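The opening residue of the sequence shown carries number 41 in the working numbering; numbering runs sequentially from there. These notes are about the structure you will find just below.
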Amino acid sequence: MAVRVLGDRYELVSFVGRGGMGEVWEGRDRVIRRRVAVKLLPYRRGGELSTELFFREARTAGGLSHRGVVTVYDMGQDPGDGTLFLVMEFVEGRDLAAVLREDGPPAVPVAVDWGVQGAAALAAAHDAGIVHRDLKPANLMLTSGGDIKILDFGIARFMVATDKSSKVMGTLAYMAPERFREHSGDARTDLYAFGCVLYELLTGDTPFSAADPVSMMTAHLQQTPTPPGELRPGVPAALDDLVMRLLAKDPADRPASAADVRDALRAPGIASGADPAPPSAAEAPSTAPARDTPPLHTPPPVERTPTEHTPGGPAADAGPGPFADRHHLPTQTAPPPEPAHRPAAGGEPAPGPLPGRRRALRLGLGAALAAGVTGLALFPWGDGQDGSAAGGTGTGAGAPSGTSAHGAQPWHYYASTLVPRGPALSGGVLYLFEEGIWIHAVDALTGEKRSSVTVYGAELPNGFLAAAGGMLFVGGAKGKLYAVRSTGGSPTWTFTAGNDIGCAPTVAGKLVLVGSLDKSLHALDTATGTEKWSFATGGFVLSPVTVAHGTVFVGSDDRNFYAVDAATGARKWAFRAGSTFRATAAVDRGVVYVPNNDQTLYALDAATGAKNWAVPLGGGTKPDANDFPSCPVVADGTVYVGGRDNLLHALDAKTGRTKWTYGISGDFRPTTPAVADGTVYVGNRAEPYGTLCAVDASTGRKRWSFRTGSAVGDIGAPVVANGLVYVANRDGLYAVVAATGQGRS
Numbered sequence: 041m042a043v044r045v046l047g048d049r050y051e052l053v054s055f056v057g058r059g060g061m062g063e064v065w066e067g068r069d070r071v072i073r074r075r076v077a078v079k080l081l082p083y084r085r086g087g088e089l090s091t092e093l094f095f096r097e098a099r100t101a102g103g104l105s106h107r108g109v110v111t112v113y114d115m116g117q118d119p120g121d122g123t124l125f126l127v128m129e130f131v132e133g134r135d136l137a138a139v140l141r142e143d144g145p146p147a148v149p150v151a152v153d154w155g156v157q158g159a160a161a162l163a164a165a166h167d168a169g170i171v172h173r174d175l176k177p178a179n180l181m182l183t184s185g186g187d188i189k190i191l192d193f194g195i196a197r198f199m200v201a202t203d204k205s206s207k208v209m210g211t212l213a214y215m216a217p218e219r220f221r222e223h224s225g226d227a228r229t230d231l232y233a234f235g236c237v238l239y240e241l242l243t244g245d246t247p248f249s250a251a252d253p254v255s256m257m258t259a260h261l262q263q264t265p266t267p268p269g270e271l272r273p274g275v276p277a278a279l280d281d282l283v284m285r286l287l288a289k290d291p292a293d294r295p296a297s298a299a300d301v302r303d304a305l306r307a308p309g310i311a312s313g314a315d316p317a318p319p320s321a322a323e324a325p326s327t328a329p330a331r332d333t334p335p336l337h338t339p340p341p342v343e344r345t346p347t348e349h350t351p352g353g354p355a356a357d358a359g360p361g362p363f364a365d366r367h368h369l370p371t372q373t374a375p376p377p378e379p380a381h382r383p384a385a386g387g388e389p390a391p392g393p394l395p396g397r398r399r400a401l402r403l404g405l406g407a408a409l410a411a412g413v414t415g416l417a418l419f420p421w422g423d424g425q426d427g428s429a430a431g432g433t434g435t436g437a438g439a440p441s442g443t444s445a446h447g448a449q450p451w452h453y454y455a456s457t458l459v460p461r462g463p464a465l466s467g468g469v470l471y472l473f474e475e476g477i478w479i480h481a482v483d484a485l486t487g488e489k490r491s492s493v494t495v496y497g498a499e500l501p502n503g504f505l506a507a508a509g510g511m512l513f514v515g516g517a518k519g520k521l522y523a524v525r526s527t528g529g530s531p532t533w534t535f536t537a538g539n540d541i542g543c544a545p546t547v548a549g550k551l552v553l554v555g556s557l558d559k560s561l562h563a564l565d566t567a568t569g570t571e572k573w574s575f576a577t578g579g580f581v582l583s584p585v586t587v588a589h590g591t592v593f594v595g596s597d598d599r600n601f602y603a604v605d606a607a608t609g610a611r612k613w614a615f616r617a618g619s620t621f622r623a624t625a626a627v628d629r630g631v632v633y634v635p636n637n638d639q640t641l642y643a644l645d646a647a648t649g650a651k652n653w654a655v656p657l658g659g660g661t662k663p664d665a666n667d668f669p670s671c672p673v674v675a676d677g678t679v680y681v682g683g684r685d686n687l688l689h690a691l692d693a694k695t696g697r698t699k700w701t702y703g704i705s706g707d708f709r710p711t712t713p714a715v716a717d718g719t720v721y722v723g724n725r726a727e728p729y730g731t732l733c734a735v736d737a738s739t740g741r742k743r744w745s746f747r748t749g750s751a752v753g754d755i756g757a758p759v760v761a762n763g764l765v766y767v768a769n770r771d772g773l774y775a776v777v778a779a780t781g782q783g784r785s
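The structure is reproduced here in structure tokens:
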């Protein structure tokens with residue numbers, strides 16, 4: 041039988057198991073001849089956004105270097121069937137779910153030692169800006185040497201992005217109360233889950249037991265668990281207190297950080313597994329052992345398994361005894377946000393009203409069995425009266441850190457799932473697309489959610505959205521474009537292109553224009569959806585158009601940039617270059633400015649298409665479909681554009697001469713900039729912290745920078761209004777004071 045080799049390097053040796061995240065194999069690195077674990081993740085047709093997300097998350101996880109985190113070596117995609125793969129450190133051992141199932145809970149000092157190790161690894165991840173959001177015993181490995189290693193940082197966000205429900209929340213038995221209120225959470229969400237794990241290590245059971253998901257949710261929200269010391273003799277009072285603080289309903293009442301939890305577990309009276317005796321005058325308290333000392337236990341016998349694992353079976357298969365498998369509720373991984381700094385002290389929204397059982401049933405809680413792993417999907421359809429029926433929550437009313445010139449305060453709107461693209465501003469409302477079904481209407485001044493809109497019966501996989509005149513124009517699956525009122529409901533009309541929608545629509549007067557993978561640009565009547573005309577190109581149309589003075593300017597993957605009559609769809613001219621055009625053009629004073637993937641910015645005569653000048657933007661020579669130059673912006677005789685040379689360029693609009701460039705240390709890939717009041721606002725697509733920079737438009741000198749806490753990616757340019765800069769990252773939307781950079785983190 042032929043041996044499968046990935047990336048011409050990683051040989052799949054033996055199949056280990058299959059779970060909710062795909063297949064796990066023992067592998068062999070043919071280059072450096074070492075054993076590795078290879079995780080194969082599913083790829084869905086049309087999942088380019090999710091694939092890009094996978095690589096970003098994997099790179100972030102690969103940046104973690106800690107003895108308590110499973111190391112990611114490499115990643116890639118099989119060109120044959122599109123399978124995504126992660127190559128990781130091969131770990132011999134068992135996950136803690138198997139340990140609990142097979143051996144029961146460990147001795148208290150052993151549980152404390154494992155907790156110290158897990159908290160130390162979690163602290164390292166949080167310091168790197170990474171939140172796990174699906175901690176559970178099955179994601180913690182006990183190695184043959186007695187070490188604890190945390191699995192699955194960096195891929196949970198990808199898994200939810202490929203899940204059709206888009207509302208997979210995590211593992212119910214370990215889920216923090218704020219997650220049920222659809223807050224995205226922060227590092228303190230991990231601390232709650234860690235408290236659940238520690239509770240289970242001490243008692244052999246989870247903090248709450250319930251026969252169905254609704255009851256489990258209610259328990260997390262409303263019930264206080266029995267302290268572990270009341271269930272098991274020998275648990276010190278200080279350890280009881282720490283576990284109960286970890287399980288606090290309000291995130292603000294939990295320990296401030298994982299590092300604090302680690303230090304508390306090392307304290308006298310906890311590390312020893314017994315309450316300390318009052319010290320005498322001649323005797324000082326003993327010092328807790330550091331983690332680099334030998335483990336406090338002799339590790340139990342372990343099986344040889346690679347990094348990943350297959351969760352254990354139902355309790356009926358675990359054998360008799362008081363500590364049979366407690367993992368009887370649905371499990372599936374949920375997406376982690378990625379704050380830049382230690383997120384433990386972040387501003388979690390104030391808890392909302394507790395949902396009762398009837399409210400929970402309206403949420404449509406249900407479980408489905410798939411691939412041998414149980415998965416819970418939450419579908420918040422609501423009833424049209426409850427404003428919390430879907431998505432994130434605004435925090436504009438929270439403690440401000442500065443005020444804009446218009447009197448507006450900074451705010452942060454939390455989204456509960458992946459935000460694939462930036463917001464659309466219309467009529468004082470920002471419309472933010474959460475991947476899957478929801479479009480949230482957020483007040484631009486306060487950050488409060490006005491409503492959540494969906495297109496009933498539609499699948500909305502791509503995040504393509506335009507807003508104008510009280511209407512939303514939304515790209516759907518299978519070439520659908522929907523027009524729906526901003527208040528929601530059934531579409532007023534639906535248009536079907538010949539292939540998938542390729543970009544966000546553009547509204548110009550009574551026309552909405554949208555490109556497609558059917559290689560055409562379609563012009564539709566905004567009121568009726570009737571196609572006024574279509575313009576055929578020789579390649580995919582993947583960028584929003586620009587409309588100016590009766591002309592539509594659009595690029596294509598056929599290496600042509602076109603000018604099309606807005607009234608008739610007739611071609612006026614075409615300009616051909618050496619690579620594809622996927623950026624939206626800027627038009628100013630009769631000149632069109634557009635870059636393409638040959639890393640050149642072109643200035644073209646808007647009337648004739650004649651080239652006025654062309655300027656290289658630097659970077660490598662090999663085209664990269666995932667790393668185009670940014671879209672250009674023109675203001676006051678200057679063109680601002682991000683290049684693939686890690687620089688933001690300011691060029692003279694008439695001559696193309698460089699006025700200045702702006703870069704930062706490390707990797708800097710500018711988003712499309714925004715210019716207002718003499719300042720250029722630009723995000724960095726290259727790092728996981730979601731940094732927004734403000735640069736003097738005349739000199740290129742940095743004025744301020746602000747970290748949003750999660751990668752901004754390619755989801756759109758900042759939007760400037762009301763003295764605020766609005767920028768979306770993968771977890772929500774930020775409003776930052778434009779003059780000072782003050783914002784909520």
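All C-beta atoms, glycine included, are put in the ideal place defined by N, C-alpha and C. This one's a predicted model, so the numbers in the text were calculated from it and none came from an experiment.
What is the rounded straight-line gap between the Cα of residue i and the Cα of residue j?
i: R272; j: L104; result: 36 angstroms
i: D121; j: R173; result: 30 angstroms
i: T577; j: S54; result: 48 angstroms
i: V171; j: L180; result: 15 angstroms
i: V594; j: N539; result: 18 angstroms
i: A484; j: T243; result: 48 angstroms
i: L691; j: F621; result: 20 angstroms
i: A603; j: G723; result: 30 angstroms
i: P463; j: T494; result: 16 angstroms
i: W613; j: G630; result: 14 angstroms
i: G549; j: S466; result: 14 angstroms
i: D69; j: V127; result: 9 angstroms
i: G781; j: L688; result: 19 angstroms
i: T350; j: A178; result: Confidence at T350 is low in this model, with a pLDDT of 32, below 50, so the placement of that residue should be treated as unreliable; the coordinate-derived value is given next. Answer to the nearest angstrom: the Cα atoms are 8 angstroms apart.
i: W744; j: E129; result: 40 angstroms
i: Y214; j: Y454; result: 21 angstroms
i: P149; j: I188; result: 14 angstroms
i: T739; j: W700; result: 7 angstroms
i: F234; j: L282; result: 11 angstroms
i: T532; j: S596; result: 29 angstroms
i: E51; j: D771; result: 36 angstroms
Once you ignore the five residues that flank residue i on each side, which residues in its own chain have a CB closer than 6 angstroms to its CB?
i: Y721; result: A714, A734, P758, V765
i: A288; result: R294
i: V301; result: A159, P295
i: C543; result: G555, L582, S583, P584
i: S530; result: Y496
i: C671; result: A623, T624, T712
i: R49; result: R70, V71
Less than 8 angstroms between the CB atoms is what I'm expecting for residue i and residue j, so what's the real figure, rounded?
i: A250; j: Y232; result: The Cβ separation is near 17 angstroms, so there is no contact.
i: A617; j: N636; result: 5 angstroms
i: L657; j: G683; result: 3 angstroms
i: L787; j: V777; result: Residue 787 lies beyond the range of the chain shown here (41 to 785); nothing can be said about it.
Output yes or no for whether 8 angstroms exceeds the beta carbon distance between residue i and residue j.
i: V552; j: F513; result: yes
i: L238; j: P145; result: no
i: T586; j: A623; result: no
i: A523; j: G569; result: yes
i: F535; j: L557; result: no
i: A298; j: L500; result: no
i: Y113; j: V76; result: yes
i: L644; j: V681; result: no
Quick one: what's got a C-beta closer than 8 angstroms to residue i's C-beta in the same chain, skipping five residues either side?
i: A768; result: V459, R461, G462, P463, L472, V752, I755, G756, Y774
What are the start and end residues of each continuous alpha helix (DSSP H) run of 4 or more residues lying completely inside the stretch 267 to 320, in chain order?
The qualifying runs are 268 to 271, 277 to 286, 298 to 305.
Could you give the uninterrupted runs of the alpha helix (DSSP H) lying entirely in the stretch 457 to 495, keeping only those of 4 residues or more?
Here no run is fully enclosed.
Report the residue ranges of all beta strand (DSSP E) runs contained in full by the stretch 722 to 746; include only those spanning at least 3 residues, in chain order.
Taken in chain order, the unbroken stretches of beta strand (DSSP E) that lie wholly in the stretch 722 to 746 and span 3 residues or more are 731 to 736.
Suppose only complete runs of 3+ residues qualify. What are the beta strand (DSSP E) ranges in the stretch 490 to 539, listed by chain order?
Taken in chain order, the complete beta strand (DSSP E) segments of 3 or more residues contained in the stretch 490 to 539 are 505 to 508, 511 to 515, 520 to 525, 533 to 536.
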